[in-house]
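Undergrad:
There are 2 protein chains.
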Amino acid sequence: MGRWEPDAQGRLARAALELYAEQGYEQTTVQDIAERAGVTERTFFRYFADKREVLFDGAHTLERLAVAGVAAAPPGAGPLEAAGAGVVRGCDALADRFQHARTRAGVVAANPGLQERELLKMAALGRAVAAALRDRGTPEPAAALAAEAAVAAFRVGFEAWVAGDGRRGLDDHVRAALAELRALAGG
Amino acid sequence: MGRWEPDAQGRLARAALELYAEQGYEQTTVQDIAERAGVTERTFFRYFADKREVLFDGAHTLERLAVAGVAAAPPGAGPLEAAGAGVVRGCDALADRFQHARTRAGVVAANPGLQERELLKMAALGRAVAAALRDRGTPEPAAALAAEAAVAAFRVGFEAWVAGDGRRGLDDHVRAALAELRALAGG
DNA sequence: GTCTATAGGGCGATAGAC
DNA sequence: GTCTATCGCCCTATAGAC
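Chains B and E are the protein sequences, given in the same order. Offset between the first sequence (1-based) and the working numbering: plus 4. Offset between the second sequence (1-based) and the working numbering: plus 4.
Structure follows, in structure tokens:
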């Protein structure tokens, strides 16, 4: 057994979500989080760049899956179709964590600073999807626009998912939003 | 003549943009800005909620114009068409300030914290446009999706505008992005 | 206007694993 | 010995409270 309990990062992330949900983001200090996780304040900043970032360490998985989903889309698929396949694939990153996603969404919705960070992650997702589209031959500005539109559908689908009871899957909601988007531009 | 120079807010905003461009956002302290504007630090926070907000005081004008543009769209226009008319109208808020917009865009592009704030303003624009669409009868989720798509086109158009030499107007770039978006979903 | 708590970065010390 | 995780203490600027 080592000198320290293992998985300090995981304990910090869990402690932070709990405290943000219990007493609010602004009312929670980094020291509160560190104490609950059994480490010092300094260790928190070793794992997370700032107090917001602790809620967003899963963003990279979502991005990676979405990029893979775009790459795996059939060669004949158009840009919007491929981008849609990407964000639908990304749903796998969250699908089995409905309760966690819902709690987290509530915390984020209650604080503009956290919304900013979420938007930054969604923008990064959009850029990653756009790059994946360019890799399969989609030129700009079509790649950026298709990616942004697909991410918008993902966001709308995600909101519907956490607003519901979780019986309908996230991917189902996102697919519905994508269909609606096609209808809008086509009609 | 009063006891203080007039337009402290304007001087602060100008001083901030200059300093952020000259020496970087992070290297600039609020005190630097206040000194150049000839006021105290305390006065800065009287006008701006935080160090980022000083770059975004024009956002409300853009939002107001966009909402008016949606409301003024012909009754027969579809959701995406009306949302597009909104963001095209919003271009009037920036059209005659190309140099200012370009400098500001460079500063924002160099700092993730400022990008976050910009994304928050774009999200607010999207919500305002969506609300204007609902006011003219568009149901959800079509209103949210059309608004997000139009704002994405605005952003793409804006980026092309500041990347260019300014001879083509912002509205022209945004209209082109909207056309591309329609083509994407329609094809 | 002054006073203060918190965020967040820099740097070196320490204690184990290997 | 090296490497890595953690701590401790110092510091400044932000931003809110009084």
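Ideal placement from N, C-alpha and C gives every residue a C-beta, glycine not left out. Just so we're clear, the structure is a prediction, and the values are computed from it rather than from any experiment.
Using alpha carbons as the reference points, say which of 7(E), 46(E), 68(E), 41(E) lies closest to residue 128(E).
TA: The shortest Cα separation from residue 128(E) among 7(E), 46(E), 68(E), 41(E) belongs to 68(E).
Undergrad: Look at the Cβ atom of residue 16(B), then the Cβ atom of residue 56(B), and state whether they are nearer than 8 Å.
TA: The answer is no: Cβ separation not under 8 Å.
Undergrad: Ignore the nearest five residues each way along the sequence and tell me which others in residue 126(E)'s own chain have a CB closer than 6 Å to its CB.
TA: Taken in chain order, the residues that qualify are 155.
Undergrad: Let me check understanding here. Comparing Cα to Cα, which of 29(E), 73(E), 32(E) lies closest to residue 175(E)?
TA: Answer by Cα proximity: 73(E).
Undergrad: Pick helix, strand or coil for residue 118(E), following the three-state DSSP scheme.
TA: Of the three classes helix, strand and coil, the one that applies to residue 118(E) here is helix, per DSSP.
Undergrad: Which residues in chain B have a C-beta closer than 8 Å to the C-beta of residue 57(E)? List them in chain order.
TA: Under the 8 Å cutoff, chain B gives no residues; its nearest Cβ is about 11 Å from residue 57(E).
Undergrad: If contact is defined by three or more beta carbon pairs under 8 Å, each pair taking one atom from either stretch, is the stretch 89-104 of chain E in contact with the stretch 155-172 of chain E?
TA: They touch, by the three-pair rule.
Undergrad: Could you tell me whether the stretch 29-45 of chain E touches the stretch 183-191 of chain B, where touching means 3 or more Cβ pairs closer than 8 Å?
TA: The answer is no - the stretch 183-191 of chain B does not touch the stretch 29-45 of chain E, with fewer than three Cβ pairs under 8 Å.
Undergrad: With 7 Å as the limit, tell me which residues of the stretch 23-53 of chain B have their beta carbon closer than that to any beta carbon of chain E; keep them in chain order.
TA: Correct list: empty, as no residue qualifies.
Undergrad: Looking at the structure shown, is residue 67(B) part of a helix, part of a strand, or coil, going by DSSP?
TA: The answer is helix: DSSP assigns residue 67(B) an H, G or I state.
Undergrad: Closest Cβ-Cβ distance between residue 124(E) and chain B: below 8 Å?
TA: True, the Cβ-Cβ gap to chain B drops below 8 Å.
Undergrad: Assuming contact is defined by CB atoms lying nearer than 8 Å, are residue 53(B) and residue 12(B) in contact in what I supplied?
TA: Taking 8 Å as the Cβ cut-off, residue 53(B) and residue 12(B) do not qualify as a contacting pair.
Undergrad: Alpha carbon to alpha carbon, what distance is there between residue 150(E) and residue 150(B)?
TA: For residue 150(B) and residue 150(E), the distance between alpha carbons rounds to 13 Å.
Undergrad: Where does the unbroken alpha helix (DSSP H) through residue 51(B) begin, and where does it stop?
TA: Element bounds for residue 51(B): 45-51.
Undergrad: Is the stretch 163-179 of chain E touching the stretch 98-108 of chain E, taking contact as three or more C-beta pairs under 8 Å?
TA: Flag = yes, the stretch 163-179 of chain E and the stretch 98-108 of chain E touch.
Undergrad: For residue 118(E), which residues in chain B fall below 8 Å Cβ to Cβ?
TA: Simply none; closest approach about 10 Å.
Undergrad: Give a single yes or no on whether residue 76(B) has its beta carbon closer than 7 Å to a heavy atom of the ligand PLP.
TA: Absence of the ligand PLP is noted for the structure shown, with no ligands found whatsoever.
Undergrad: Hey, is the stretch 104-113 of chain E in contact with the stretch 70-87 of chain E, meaning 3+ C-beta pairs nearer than 8 Å?
TA: They do not touch, by the three-pair rule.
Undergrad: Does chain E have any CB closer than 8 Å to the CB of residue 184(B)?
TA: For residue 184(B), the answer is yes, since a Cβ of chain E falls inside 8 Å of its Cβ.
Undergrad: I'd like to know whether the C-beta atoms of residue 132(B) and residue 70(B) end up nearer to each other than 8 Å.
TA: Going by C-beta atoms, residue 132(B) is nearer than 8 Å to residue 70(B).
Undergrad: Look up residue 62(B) in the DSSP assignment and say whether it is helix, strand or coil.
TA: If DSSP states are grouped into helix, strand and coil, residue 62(B) belongs with coil.
Undergrad: Got a sec: which bits of the stretch 79-109 of chain B sit with their beta carbon under 9 Å from any beta carbon on chain E, in order along the chain?
TA: Going along the stretch 79-109 of chain B in chain order, one finds 82, 83, 84 with a Cβ nearer than 9 Å to chain E.
Undergrad: Compare the C-beta of residue 77(E) with all C-beta atoms of chain B and state if any pair is closer than 8 Å.
TA: So no, residue 77(E) is outside the interface.
Undergrad: With residue 36(B) as the anchor, note down where its alpha helix (DSSP H) starts and where it stops.
TA: Here the alpha helix (DSSP H) through residue 36(B) covers 34-41.
Undergrad: Quick check on residue 26(E): buried or exposed, where buried means 16 or more other Cβ atoms within 10 Å of its Cβ?
TA: Exposed is the call here.
Undergrad: Under 8 Å, Cβ to Cβ, is there at least one residue of chain B near residue 181(E)?
TA: Output row for residue 181(E): interface = yes.
Undergrad: Do you know offhand how far residue 1(B)'s Cα is from residue 10(E)'s?
TA: Residue 1(B) falls outside the range modelled here, since chain B spans only 5 to 191, and no answer is possible.
Undergrad: Please report the straight-line C-alpha distance between residue 59(B) and residue 108(B), rounded to a whole angstrom.
TA: The straight-line gap from Cα to Cα measures roughly 8 Å.
Undergrad: Considering only C-alpha positions, which residue in the set 7(B), 134(B), 142(B), 29(B) is nearest to residue 82(B)?
TA: Of the candidates 7(B), 134(B), 142(B), 29(B), the one whose C-alpha sits nearest the C-alpha of residue 82(B) is 142(B).
Undergrad: Is DSSP giving residue 24(B) helix, strand or coil here?
TA: Of the three classes helix, strand and coil, the one that applies to residue 24(B) here is helix, per DSSP.
Undergrad: When burial is assigned at 16 or more other CB atoms within 10 Å of the CB, is residue 50(B) buried or exposed?
TA: Residue 50(B) is exposed by the Cβ-count criterion.
Undergrad: Alpha carbon to alpha carbon, what distance is there between residue 64(E) and residue 137(E)?
TA: So the two alpha carbons sit approximately 18 Å from each other.
Undergrad: Within the same chain, show all residues whose beta-carbon is closer than 6 Å to that of residue 24(E), passing over the 5 residues directly before and after it, in chain order.
TA: Correct list, in chain order: 32, 111.
Undergrad: Note down, in chain order, each residue of its chain lying with its Cβ closer than 6 Å to the Cβ of residue 168(E), except the 5 sequence neighbours on either side.
TA: Counting only Cβ-Cβ distances below 6 Å, and skipping sequence neighbours, we find nothing.
Undergrad: What do you reckon, are the CB atoms on residue 124(B) and residue 123(E) nearer than 8 Å?
TA: Taking 8 Å as the Cβ cut-off, residue 124(B) and residue 123(E) qualify as a contacting pair.
Undergrad: Quick one: is residue 145(E) buried, meaning 16 or more other Cβ sit within 10 Å of its Cβ, or exposed?
TA: It is buried - the Cβ of residue 145(E) has at least 16 other Cβ atoms within 10 Å.
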